[in-house]
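Asks: Supplied in structure tokens, the structure appears directly below.
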Amino acid sequence: MRIIELKISSKDNGRQIRDFLRDFGVSSALLTKLKNTENGITKNGEFARTIDKIFTGDTIKISIENRGKMPEKLITDDVKPVYNDEDILVLNKPAFMPVHESRNHRGDTLANAAACYMDSDTAFRAVYRLDRDTSGLVLIAKNELAACKLAGKIHKDYYAVCSGTLNGKGTIDLPIRRVCESIIERGVFSDGEKAVTHWEAVSNKSNTTLLKINLETGRTHQIRVHFAPLGYPLLGDTLYGGNTDLIKRQALHCKTIYFTHPITNKEMAIECDFPNDFKGLI
């Protein structure tokens, strides 16, 4: 159970609790759950209805049940928290580790590693996912409110190493969809979904380029698909023609994330180091 305390300021004086909570980011579904939870909403320590009014100086508390079951724990030194509090957890995912459990991956995923740092009755809620072979930061919400408020609102700095020499900066605006005969592979097609990638060349080395990348959209394999047809596939990316002489997985790393904390409203910037195989390239 996550209990969140909110102090009412003068700007919300005289409003209904329902409107105040919706503006704070409580979804209609979560609001219904709070109404059906014993003391799910209280005002100054007393049971409160969503239609009750609030006034300057009042204290509203909401009690969010963290319903769900975490997978079994994976005790490993390869995954450590970069940030951890009551509402969010940020882990640095190593390459070759899936985010979610699947039929072929049980007990060896980021979800299993996260179980070491979360309550057993809390569902695993990754706000976004990274491909299995992509390394870097993954943000996990510890309750339904945090997940709702963070969805689609994380700005990420990716770094990649591609074949060829690029300089300056640019934007790739090419639509992407699944290749019809493949379950996994994506490609650039005129009838695909809009996909926009912003890039900046950081440095060049031996006919390769270190790129800083920001995504305007979030299509599957977007970075990998956008650079490959232009003749600059990511090193190690066997699916899209990358050279594997220097690295055995796509050279792609989520290094920094920026977001507004879902409860405190503090502006957050969290970063991690490059993994060793990536450092070897740059």
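Under our numbering, the letters of the sequence shown match residues 12 to 293, in that order. Even for Gly, the Cβ is constructed at its ideal location relative to N, Cα and C. Quantities reported herein were computed from a predicted structural model and do not represent experimental measurements.
1. Any idea what DSSP makes of residue 215, helix, strand or coil?
2. How far does the alpha helix (DSSP H) with residue 238 in it reach, from first residue to last?
3. Compare the C-beta of residue 280 against all C-beta atoms of chain B and say whether one is closer than 8 Å.
4. Give a yes or no on whether the C-beta atoms belonging to residue 92 and residue 85 are separated by under 8 Å.
5. Please specify which runs of the alpha helix (DSSP H), each continuous and at least 4 residues long, are wholly inside the region 148-228, giving them in chain order.
6. Taking only heavy atoms of the ligand ADP into account, decide whether any of them is closer than 7 Å to the Cβ of residue 245.
7. Using a Cβ-Cβ cutoff of less than 6 Å, which residues in the same chain neighbour residue 272 once the five nearest sequence positions on both sides are dropped?
8. If you follow the alpha helix (DSSP H) that residue 33 is in, where does it begin and where does it stop?
9. Between residue 211 and residue 184, what straight-line distance do the alpha-carbon atoms span, to the nearest angstrom?
10. Which residue from 213, 214, 190 puts its Cα closest to that of residue 203?
11. How is residue 43 classed by DSSP in three states: helix, strand or coil?
12. State whether the region 67-87 contacts the region 122-133, with contact taken as three or more CB pairs (one from each stretch) at a distance under 8 Å.
13. Relative to the C-alpha of residue 173, which candidate in 71, 154, 214, 25 has its C-alpha closest?
14. So residue 144 and residue 266 are supposed to be a Cβ contact under 8 Å. How far apart are they, rounded?
15. Please name the residue in 291, 238, 136, 105 whose C-alpha comes closest to that of residue 157.
16. Measuring alpha carbon to alpha carbon, tell me which of 111, 170, 249, 15 ends up nearest residue 292.
17. By how many angstroms is the C-alpha of residue 76 removed from the C-alpha of residue 132?
18. Taking only three categories from DSSP, how would you classify residue 251?
19. CB residue 65 to CB residue 71, shorter than 8 Å?
20. Excluding five sequence neighbours on each side, which residues of the same chain lie with their C-beta closer than 8 Å to the C-beta of residue 188?
21. Please classify residue 56 as buried or exposed, where buried requires at least 16 other C-beta atoms within 10 Å of its C-beta.
22. Looking at the structure shown, is residue 21 part of a helix, part of a strand, or coil, going by DSSP?
23. Please classify residue 155 as buried or exposed, where buried requires at least 16 other C-beta atoms within 10 Å of its C-beta.
24. Cutting at 8 Å between CB atoms, please list the residues of its own chain near residue 99, excluding the five before and the five after it.
25. Measure the beta-carbon distance from residue 148 to residue 268 and round it to whole angstroms, keeping in mind my assumption that it falls under 8 Å.
26. Tell whether a beta-carbon distance below 8 Å holds between residue 247 and residue 258.
27. Between which two residues does the beta strand (DSSP E) harbouring residue 103 extend?
28. What's the gap between the Cα of residue 106 and the Cα of residue 218?
29. Using 8 Å as the threshold, is the C-beta distance between residue 244 and residue 253 below it?
Replies: In short:
1. strand
2. 233-238
3. Looking at the structure shown, chain B is missing, and only one protein chain is on hand.
4. no
5. 155-161
6. Absence of the ligand ADP from the depicted structure is noted, as is the absence of any ligand whatsoever, leaving it without description.
7. 279
8. 28-35
9. 15 Å
10. 190
11. helix
12. yes
13. 214
14. Not confirmed; about 16 Å, so no contact.
15. 136
16. 170
17. 9 Å
18. helix
19. yes
20. 197, 198, 200, 202, 203, 204
21. exposed
22. helix
23. buried
24. 150, 151, 152, 153, 157, 161, 272, 273
25. 5 Å
26. yes
27. 99-104
28. 24 Å
29. yes
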